[in-house]
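Be aware that the sequence shown starts at 45, since it is given in this note's numbering, and climbs by one per residue. Below you'll find the structure, written out as structure tokens, and then a few comments.
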Amino acid sequence: MSRNSLLQQTMGLGPAWQPRDGWFEQHPALLLRAQAAALPDAEAETSAPAIDVAPQVAIASIPAETPKAETLREPAQPQPAPEAVPAPAARSEMPLLDWPQLERQVADCQRCRLCETRIQTVFGRGNPKARWLLIGEAPGEQEDRQGLPFVGKAGQLLDNMLAATGLDREQDVYIANVLKCRPPGNRNPAPDEIAACHGYLQQQIRHIQPTLILALGRFAAQTLLQTEESIGRLRGRVHRYQDLPMVVSYHPAYLLRNQPDKAKAWQDLLLARRIFQQAAGRG
Ligand code: URA
């Protein structure tokens, strides 16, 4: 049994996270990597997937209204219990920074009270040129210690999910959080904390310009879409964040506690993969 299968079995994930036959070989992220490897650097840059949206994000232009969701819908799902709602994110007045400046600014950030209790900030992890951008909620205890997102139990589950989808967590995705600092005791992010941190996430998105955003959990989904709808209502369809296709799914930590919803999360990943392929011109 492979290490991944063993991990998945140990974590009670069952066959839902097993890669399907031929999936890895056909996965667009792998195709892109193979293409890039076969081309000189400059050409590889320009041959990145041709996405027919214009992800030129004006940092201060988050739409005030709830972005319209596309009609692509999976079969109706029973809705989980309604969830509390974060305040809409504030518009960012931050000047556009380059990536290293942004990292430094986050590391030194004192925009909210979380700077008093954090061990360190957690900027993100993975490939800043990745085509998939995953957005979680906030660092937990382990993340606060290590300075990297999703390194605890939820992170192990996320890694398994990514592996089953044929994605390499370091090469094919970039992972960021709504908050860059740990809320004490892993409490929910407060609205003013989300607002204080939102400019950083906006700039990360602008720099990465992913082909697809996968929002994990309600804080990521509700913050980016500026909606109060529950995950149960938001998942199963494609949204747009400033012209970028965005799919919403459950947070891995929620899935650890609610195993039956793993099947829905799997459907979300299938949807995300399909949308990614379409957006990358292979649909
Ligand atoms: N949960 C998150 O949302 N992000 C992390 O980095 C870790 C746990």
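The C-beta atom is built at its ideal place from N, Cα and C for all residues, glycine as well. Here the structure is a predicted model, which means the values were calculated and not measured.
Give a single yes or no on whether V292 has its beta carbon closer than 7 Å to a heavy atom of the ligand URA. Outside the cutoff, so no.
Using the C-alpha atoms, what's the distance from G168 back to Q190? The alpha-carbon atoms of Q190 and G168 are separated by roughly 11 Å.
If contacts are defined as beta-carbon pairs under 8 Å, then T165 and V150 qualify, I think. What distance do you get, rounded to the angstrom? Rounded, the Cβ-Cβ distance is 5 Å, consistent with contact.
Rounded straight-line distance, which links the Cα of A174 to that of R317: Computed Cα separation, rounded: 14 Å.
Per DSSP, which one or two residues make a beta bridge with W176? Bridge partners of W176: V217, L256.
Any heavy atom of the ligand URA closer than 7 Å to the beta-carbon of G168? Because no heavy atom of the ligand URA lies under 7 Å away, the Cβ of G168 does not count as near it: no.
Closest residue to L268 among L260, Y285, G184 (Cα-Cα distance): Measuring from the Cα of L268, the nearest candidate turns out to be Y285.
Do P296 and L201 have their beta-carbon atoms positioned less than 8 Å apart in this structure? Between L201 and P296, the C-beta gap is smaller than 8 Å, which places the two residues in contact.
If you reduce the DSSP assignment to three classes, tell me which class R189 lands in. In the structure shown, R189 adopts helical secondary structure according to DSSP, grouped into three states.
Measuring only from the beta carbon, is H295 closer than 7 Å to any heavy atom that is part of the ligand URA? Answer for H295: yes, Cβ within range of the ligand URA.
Using only the heavy atoms of the ligand URA, determine whether one of them is closer than 7 Å to the beta carbon of P193. P193 Cβ: within cutoff of the ligand URA.
For a test of your reading of the model: does the CB of G8 fall under 7 Å from any non-hydrogen atom of the ligand URA? Yes or no. Residue 8 lies beyond the range of the chain shown here (45 to 327); nothing can be said about it.
Is N221 a contact residue of the ligand URA, with contact defined as CB to any heavy atom under 7 Å? Answer for N221: yes, Cβ within range of the ligand URA.
Between W176 and chain D, is any beta-carbon pair separated by less than 8 Å? Looking at the structure shown, chain D is missing, and only one protein chain is on hand.
Less than 8 Å separating the beta-carbons of G184 and G196? G184 places its beta carbon less than 8 Å from that of G196.
A240 classed as buried or exposed, judged by whether at least 16 other C-beta atoms fall within 10 angstroms: Classification of A240: buried, given that the 10 Å Cβ count is 16 or more.
How should G229 be labelled, buried or exposed, when 16 other C-beta atoms within 10 angstroms of its C-beta is the threshold for buried? By the 16-neighbour rule on beta-carbons within 10 angstroms, G229 is exposed.
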